[in-house]
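K.L.:
I am attaching a structure below and will ask some questions about it afterwards.
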Amino acid sequence: AHLARIDAVDEKVHAFLHIDREGALAQARAVDAKREAGEKLGPLAGVPLALKDIFTTKDMPTTVGSKILEGWVPPYDATLTRKLRAADVVILGKTNMDEFAMGSSTENSAYGPTGNPWDLTRIPGGSGGGSSAALASYEAPLAIGTDTGGSIRQPAAVTGTVGVKPTYGGVSRYGMVAFSSSLDQGGPCARTVLDAALLHEAIAGHDPMDSTSIDAPVPPVVEAARNGSVEGMRVGVVKQFRGEGYQAGVLQRFDESVELLKSLGATIVELDCPSFDLALSAYYLIAPSECSSNLARFDAMRYGLRVGDDGTRSAEDVTALTREAGFGDEVKRRVILGTYALSSGYYDAYYGSAQKVRTLITQDFEKAFEQVDVIVSPTTPTTAFPIGERADDPMAMYLADLCTIPTNLAGNSAMSLPCGLAPEDGLPVGLQIIAPAMKDDRLYKVGSAVE
Ligand code: GLN
């Protein structure tokens, strides 16, 4: 049924870069056979899923939305892919994304943009716009995203779906193509909080193949999602997540969510986190710096595209020609910014200062979580904007992640879930819930109470 739905709508939505029809049907039949044989199956057995094209898959191409990896079929499965298969999830295919997960609209994909199913002339968010659009268009009931600065939560917000950035280290990064390794985190996308929890549980857990993976039990997310409540909880509202640039209808729905939390028994606490104002600036030094280092591996020798290798050119020239042809403008912009920020003479002023700001943000969160159990905010300052509107204005594009980035810098966990439609444009608004590291269960407890 989901393959038929994809056939009917994906030409317009363009959520998928690759559809694995044969593989999906074979997997579905294998689950049927297990069921008939009386095998005990998990809660996600046979459930279709759309996988962001940033996770390696042994039998399918992995492009990361880039021409530089066009046609590359990885020789191994990411840990997350392996866990999905072990849970008998049916992987339908790979979803569209901003190239190397750099963007907030999926317009930076080398394979063309994805439409927002609520209004195909608008962006579905990014970088994981393909995954969120697949959910919102009912092409898949589950999807996987990755969140470096907001790429799970912001697409969830603008498509009226649920997205969770687990605690950094909660879900393995092994086989997840690296953008900014100290920030990148894979996580679940779904249409309900309980679905997200079931998927979260299936993909989380310690992995010896990822040196930053946390060796501790997975927080009890499913139990929390089944027992939603905010009774007696202290909920923080941060002064800095408001003000200029926020759409009136977004703030209106957010304020109503706060009233709802109060009426359900939560105590609201006003919080001041002054360093959050610096988060965007710090992020746009740290993320490009790490990207400039990570993307050095795309040298035309190891993977995918190779341009100009006609026997007359040096390896350096082939690398340069391949990068020129294979990387898009935003990727080049970040590599140049990052190389500059890390260069001798500028390192302390740029990268060093940004790391100090990162510590201040972590400390602001620590102080906040002495007073509250969770923090709430709008997920994004505005609803989905029209395709093309911010394409030539990187700063305007970067502002889409104003409320999501502090969480990545501190490494804690956060969820976005729908909280109504903005009255002025009828488009979905997202409510963000933020919890301390390894307290991801609180997101689900609060999320399912207000869903
Ligand atoms: N939009 C942010 C960026 O462009 C975040 C992307 C992400 O979370 N992968 O870097």
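In full-length UniProt numbering, the protein residues as written are 29 to 479. Every residue gets a Cβ at the ideal spot worked out from N, C-alpha and C, and that includes glycine. Source: prediction; values computed, not measured.
Determine the closest residue to Glu296 out of Thr390, Val402 and Ile180, with distance taken between C-alpha atoms.
P.N.:
Looking at the sequence provided, one finds Ile at residue 296 rather than Glu. With distances taken between Cα atoms, Ile296 lies closest to Val402.
K.L.:
Apart from the five residues on each side of it in sequence, which residues of its chain come closer than 7 Å, Cβ to Cβ, to Ala382?
P.N.:
Excluding sequence neighbours, Ala382 sits near Ala310, Leu313 and Ile314.
K.L.:
Does any residue of chain C bring its CB to less than 8 Å from the CB of Ser444?
P.N.:
Among the chains in the structure shown there is no chain C, since it carries only a single protein chain.
K.L.:
Nearest to Gly439 by CA position, among Asp147, Ser208, Leu97 and Glu479, is which residue?
P.N.:
Out of Asp147, Ser208, Leu97 and Glu479, Ser208 has the C-alpha closest to the C-alpha of Gly439.
K.L.:
Given a threshold of 16 other Cβ atoms within 10 Å of its Cβ, counted over all protein chains shown, does Leu57 qualify as buried or as exposed?
P.N.:
Per the sequence shown, the amino acid found at residue 57 is Arg instead of Leu. The residue is exposed, with fewer than 16 neighbouring Cβ atoms inside 10 Å.
K.L.:
What residues in its chain sit with their C-beta under 6 Å from that of Lys360, if we drop five residues either side in the sequence?
P.N.:
Contacts found: none.
K.L.:
Does the ligand GLN have a heavy atom nearer than 7 Å to the CB of Asp175?
P.N.:
Asp175: yes, Cβ under 7 Å from the ligand GLN.
K.L.:
Taking Cβ to Cβ, would you say Leu455 is nearer than 8 Å to Ala412?
P.N.:
Yes, these two residues count as a Cβ contact at 8 Å.
K.L.:
Where DSSP assigns a beta bridge to Phe393, which residues make up the other side?
P.N.:
DSSP, once it has assigned bridges, lists no residue as partnering Phe393.
K.L.:
Quick check: what's the CA-CA separation for Ser132 versus Val92?
P.N.:
Whole-angstrom Cα-Cα distance: 15 Å.
K.L.:
Does the distance from the CB of Ala52 to the CB of Val101 come in under 8 Å?
P.N.:
No, they are not a contact pair.
K.L.:
Determine the direct distance from the alpha carbon of Val335 to that of Val346, and round the result to whole angstroms.
P.N.:
Between Val346 and Val335, the C-alpha separation is close to 6 Å.
K.L.:
Verify the contact flag: Ser179, CB atom, against every heavy atom of the ligand GLN, threshold strictly below 7 Å.
P.N.:
True, at least one ligand heavy atom lies under 7 Å from that Cβ.
K.L.:
Our contact map puts Gly264 next to Gln399 with C-beta atoms below 8 Å; I'd like the distance itself, whole angstroms only.
P.N.:
Rounded, the Cβ-Cβ distance is 7 Å, consistent with contact.
K.L.:
Determine the direct distance from the alpha carbon of Met237 to that of Val200, and round the result to whole angstroms.
P.N.:
A small fix is needed here, since residue 200 is Ser in this sequence, not Val. Going from the Cα of Ser200 to the Cα of Met237 covers about 8 Å.
K.L.:
Within 10 Å of its beta-carbon, does Glu229 have 16 or more other beta-carbons around it, so buried, or fewer, so exposed?
P.N.:
Buried, since its Cβ has 16 or more Cβ neighbours within 10 Å.
K.L.:
Between the Cα of residue 558 and the Cα atoms of Thr367, Arg110 and Cys217, which residue gives the shortest distance?
P.N.:
Here the chain has residues from 29 to 479 only, and residue 558 is not among them.
K.L.:
According to DSSP, simplified to helix, strand and coil, what is Ser309?
P.N.:
Of the three classes helix, strand and coil, the one that applies to Ser309 here is helix, per DSSP.
K.L.:
So for Gly233, helix, strand or coil by DSSP?
P.N.:
Coil.
K.L.:
Of the choices Ala162, Gly354, Ser165 and Val363, whose alpha-carbon is the least far from that of Ser321?
P.N.:
Among Ala162, Gly354, Ser165 and Val363, the Cα nearest to that of Ser321 is on Val363.
K.L.:
By the DSSP assignment, the alpha helix (DSSP H) with Glu39 in it spans what residues?
P.N.:
Where Glu39 is concerned, the enclosing alpha helix (DSSP H) stretches over His30 to Val41.
K.L.:
Cβ-heavy atom distance between Ala438 and the ligand GLN below 7 Å?
P.N.:
Not so, every heavy atom of the ligand GLN lies at least 7 Å from the Cβ.
K.L.:
Where in the stretch 361 to 438 do unbroken runs of the beta strand (DSSP E), each at least 3 residues long, occur, reported from the N-terminal end onward?
P.N.:
As far as the stretch 361 to 438 is concerned, its whole beta strand (DSSP E) runs of at least 3 residues are 402 to 406.
K.L.:
Should Ala106 be labelled buried (16 or more other beta-carbon atoms within 10 Å of its own) or exposed?
P.N.:
Ala106 is buried by the Cβ-count criterion.
K.L.:
How would you write the range of the beta strand (DSSP E) that Ser441 sits in, first residue to last?
P.N.:
Here the beta strand (DSSP E) through Ser441 covers Ser441 to Leu449.
K.L.:
For Cys217, which of Arg330, Leu445 and Ser317 has the nearest alpha-carbon?
P.N.:
For Cys217, the nearest C-alpha among the options comes from Leu445.
K.L.:
Got a sec: does the ligand GLN put a non-hydrogen atom nearer than 7 Å to the Cβ of Gly260?
P.N.:
No.
K.L.:
Of the residues Thr435, Met443 and Pro406, which one's Cα is nearest the Cα of Gln280?
P.N.:
The residue with the shortest Cα to Cα distance from Gln280 is Pro406.
K.L.:
Looking at the structure shown, is Pro183 part of a helix, part of a strand, or coil, going by DSSP?
P.N.:
In the structure shown, Pro183 sits in a helix (DSSP, three-state: H, G or I).
K.L.:
Comparing alpha-carbon positions, which option in Val192, Pro145, Gly156 and Arg113 lies nearest Ala129?
P.N.:
Per the Cα distances, Gly156.
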